[in-house]
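See structure below.
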Amino acid sequence: EAGVVQSPRYKIIEKKQPVAFWCNPISGHNTLYWYLQNLGQGPELLIRYENEEAVDDSQLPKDRFSAERLKGVDSTLKIQPAELGDSAVYLCASSITPAAAEQFFGPGTRLTVL
Amino acid sequence: KQEVTQIPAALSVPEGENLVLNCSFTDSAIYNLQWFRQDPGKGLTSLLLIQSSQREQTSGRLNASLDKSSGRSTLYIAASQPGDSATYLCAVHSGGSNYKLTFGKGTLLTVNP
Chain A
47 EAGVVQSPRY KIIEKKQPVA FWCNPISGHN TLYWYLQNLG QGPELLIRYE NEEAVDDSQL
107 PKDRFSAERL KGVDSTLKIQ PAELGDSAVY LCASSITPAA AEQFFGPGTR LTVL
Chain B
40 KQEVTQIPAA LSVPEGENLV LNCSFTDSAI YNLQWFRQDP GKGLTSLLLI QSSQREQTSG
100 RLNASLDKSS GRSTLYIAAS QPGDSATYLC AVHSGGSNYK LTFGKGTLLT VNP
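And the structure:
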């Protein structure tokens, strides 16, 4: 069974440029999560999707971050414009259901903003 | 607000030693607790999931316990190997309508040959 797929694995951009990350969850997993992990810290939730609906985006900085999951399968997270402080690892995870379900993580995208 | 603390922040042991990693959380109203492993530059690998009604879970050389009333969990690794070297993260799944994993900062484990 394929795991959570993310691309790209690494991205280096200049500040003020836009950037997008893509995630394809495990087949059959209705719940998709985007997390942000800063160096030396645990991941922090940015947004949670139930199928195509964003049911928890309270931690997403909406002035520059946006996300979509149009058909309830794969998802894209975008930053525009990127700032130096956005340098981090962006992790995608999925689970069958949100309630008490085991979450499975992708390899992450390491973003460096210069 | 749920807070998760992991002690120690780093641990270095000789190969073959048994070890314990600690995790504490402030709000005992949880659905479950999950232990992850993270290798440098990689994503998270789920090791064990303990439901709130369970006391422990075992997988191979790993054993995780949960004491919900005291807000504590431990991850026991038996007969450690150099391949166990990684960062171990504890995450608590909160209750209510906020289905959210709250992570600790992790314990960096180094097993020396």
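As given, the protein sequences belong to chains A and B, one line each in that order. Just so we're aligned, residue 47 is where the first sequence starts under the numbering used here, counting upward by one. Just so we're aligned, residue 40 is where the second sequence starts under the numbering used here, counting upward by one. Ideal Cβ positions, reconstructed from N, Cα and C, are used throughout, including at glycine.
Distance from the Cα of THR122 (chain A) is smallest, within the candidate group A:ALA48, A:TYR81, A:LEU85, A:GLY74, for A:TYR81. Remark: C-beta atoms of ILE69 (chain B) and VAL131 (chain B) approach each other more closely than 8 Å.
Judged by beta-carbon spacing, VAL65 (chain A) lies beyond the 8 Å limit of LEU137 (chain A), meaning their Cβ atoms are not closer than that value. ALA125 (chain B) and GLY80 (chain B) have their C-alpha atoms roughly 11 Å apart.
The Cβ atoms of ARG55 (chain A) and THR155 (chain A) sit closer than 8 Å to each other. Within its own chain, the residues whose Cβ lies closer than 8 Å to the Cβ of ASN151 (chain B), once the five positions on either side in sequence are excluded, are SER51, VAL52, PRO53, GLU54, PRO121, listed in chain order.
The Cβ atoms of GLY88 (chain A) and GLY145 (chain B) lie closer than 8 Å to each other. Contact annotation: ARG110 (chain A) and GLU98 (chain A) have beta-carbon atoms that are not nearer than 8 Å. In the structure shown, PRO152 (chain B) adopts coil according to DSSP, grouped into three states.
Boundaries of the beta strand (DSSP E) harbouring LEU88 (chain B): 83-90, taken from the DSSP string.
Contact with chain A is found for TYR138 (chain B), since one of that chain's Cβ atoms lies less than 8 Å from the residue's Cβ. Secondary structure in the stretch 70-120 of chain A: the beta strand (DSSP E) runs of 3 residues or longer, each lying completely within the stretch, are 77-83, 90-96, 99-102, 111-114 in chain order. Shown here, ASP78 (chain B) sits in coil according to DSSP, grouped into three states, outside any helix or strand.
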